Amino acid sequence: MVSGDVGVVVYYLLLVLVVVQGCKGSSAVQGEGRWYNESEAIGGAAAWGNAKATWYGQPNGAGAADNGGACGFKKVNQYPFMGMTSCGNQPLYKGGKGCGSCYRVRCNRNPACSGNAQTVAITDMNYFPLSQYHFDLSGIAFGRLAKPGRADDLRRAGIIDVQFARVPCEFPGLKVGFHVEEGSSPVYLAVLVEYENGDGDVAQVDLKEAGAGGGRWTPMRESWGSVWRLDSNHRLRAPFSIRIRSDSGKTLVAPDVIPLNWTPNTFYRSFVQYSS
Numbered sequence: 001m002v003s004g005d006v007g008v009v010v011y012y013l014l015l016v017l018v019v020v021q022g023c024k025g026s027s028a029v030q031g032e033g034r035w036y037n038e039s040e041a042i043g044g045a046a047a048w049g050n051a052k053a054t055w056y057g058q059p060n061g062a063g064a065a066d067n068g069g070a071c072g073f074k075k076v077n078q079y080p081f082m083g084m085t086s087c088g089n090q091p092l093y094k095g096g097k098g099c100g101s102c103y104r105v106r107c108n109r110n111p112a113c114s115g116n117a118q119t120v121a122i123t124d125m126n127y128f129p130l131s132q133y134h135f136d137l138s139g140i141a142f143g144r145l146a147k148p149g150r151a152d153d154l155r156r157a158g159i160i161d162v163q164f165a166r167v168p169c170e171f172p173g174l175k176v177g178f179h180v181e182e183g184s185s186p187v188y189l190a191v192l193v194e195y196e197n198g199d200g201d202v203a204q205v206d207l208k209e210a211g212a213g214g215g216r217w218t219p220m221r222e223s224w225g226s227v228w229r230l231d232s233n234h235r236l237r238a239p240f241s242i243r244i245r246s247d248s249g250k251t252l253v254a255p256d257v258i259p260l261n262w263t264p265n266t267f268y269r270s271f272v273q274y275s276s
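When the letters of the sequence shown are read in order and numbered with the UniProt record's numbering, they come out as residues 1 to 276.
So, in structure tokens, the structure goes:
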């Protein structure tokens, strides 16, 4: 076998691995709430790029078996995501800073494709990219790209060419939320940030303790996905205010959003949200 033949074999073995394993090693089975802005893309008119798309999990599932993923979001099968989610490879996932960003995705080259764009949010990491941009979609999201009655036909294709465009996220009725993660303590705080309108993702998070002189903000460090952490050399003084900065540089402050009597593994909703 010549070297070119070896390269072809390796490529097709990789294709099989991606289809069978999915973005987090889960098995693929053969077989919308309005939380986005359809009319505009970030920075103006939608600029469509080319990508590959696959799917993982159950045919009508939200992708990850636990309805979560590498971003740390929980219950993505429920409102507002409703299973319209995707793993993104590094240019989309961005080491976690791409978590929560929204994209319009469409396909038209497969006979089962409808050509109608659907919006998905990045909630997981794609470890086996097939191209520069690779969306490993939930079974639900992949099927939504198909013509009526052709979802299973499209899923059987396994790997398809798609076009995508970044768009602002919209979460009607929701404010930015903060989930204090399990393991947090008086000297360690880990917070999952979710439901940000607009960019949908978070570039930086800062914390202000109660009584902080001069309004002093302490930068938190990205832990994993959309979870940010603070390791303190003293007992942290609640309530905590949280300041977030989006990918485009917009800043939002949630005053005293984590109360005096906070507990781990608890979700705290703020009263603030990015404007549409």
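C-beta: ideal position from N, C-alpha, C; glycine also. None of these values were measured; they are calculated from a predicted model.
When the five nearest sequence neighbours on each side are left out, the beta carbons in the same chain lying within less than 7 Å of the beta carbon of residue 210 are those of 237, 238, 239, in order along the chain. Counting the other CB atoms within 10 Å of its CB gives residue 50 a total below 16, which places it among the exposed residues. For residue 243, the enclosing beta strand (DSSP E) starts and ends at 240-245. Under the criterion of beta carbons closer than 8 Å, residue 72 and residue 192 qualify as touching, at roughly 5 Å. In this structure, residue 65 keeps its C-beta atom at 8 Å or more from the C-beta atom of residue 142.
Residues 97, 245, 246, 247 of the same chain have their beta carbon placed closer than 7 Å to that of residue 203, with the five preceding and five following residues left out of the count. DSSP lists 136 as the bridge partner or partners of residue 54. Nearest to residue 190 by alpha-carbon distance, out of 60, 212, 178, 149, is 178.
Contact between residue 109 and residue 160 holds: their C-beta atoms lie close to 7 Å from each other, under 8 Å.
Where residue 163 is concerned, there is no enclosing alpha helix (DSSP H), although the beta strand (DSSP E) around it starts and stops at 160-167.
Around the beta-carbon of residue 267, fewer than 16 other beta-carbon atoms lie within 10 Å, marking it exposed. Under DSSP, residue 188 shares a beta bridge with 185, 231. Per DSSP, residue 157 is one residue of the alpha helix (DSSP H) stretching across 151-157.
As for any alpha helix (DSSP H) of minimum length 4 sitting wholly inside the segment 65-95, the runs are 90-93, ordered along the chain.
Each of 260, 187, 131 was checked against the Cα of residue 234, and the nearest Cα belongs to 187.
The alpha-carbon of residue 132 is positioned some 15 Å away from that of residue 166. In the pairwise beta carbon analysis, the segment 218-230 is classified as not touching the segment 256-272: fewer than three pairs are separated by under 8 Å. Looking at the backbone, the Cα of residue 155 and that of residue 208 are separated by about 48 Å. Closest in alpha carbon position to residue 128, among 221, 89, 271, is 89. Secondary structure note for residue 105: its beta strand (DSSP E) is the uninterrupted segment 102-106. Each of 272, 70, 144 was checked against the Cα of residue 123, and the nearest Cα belongs to 70.
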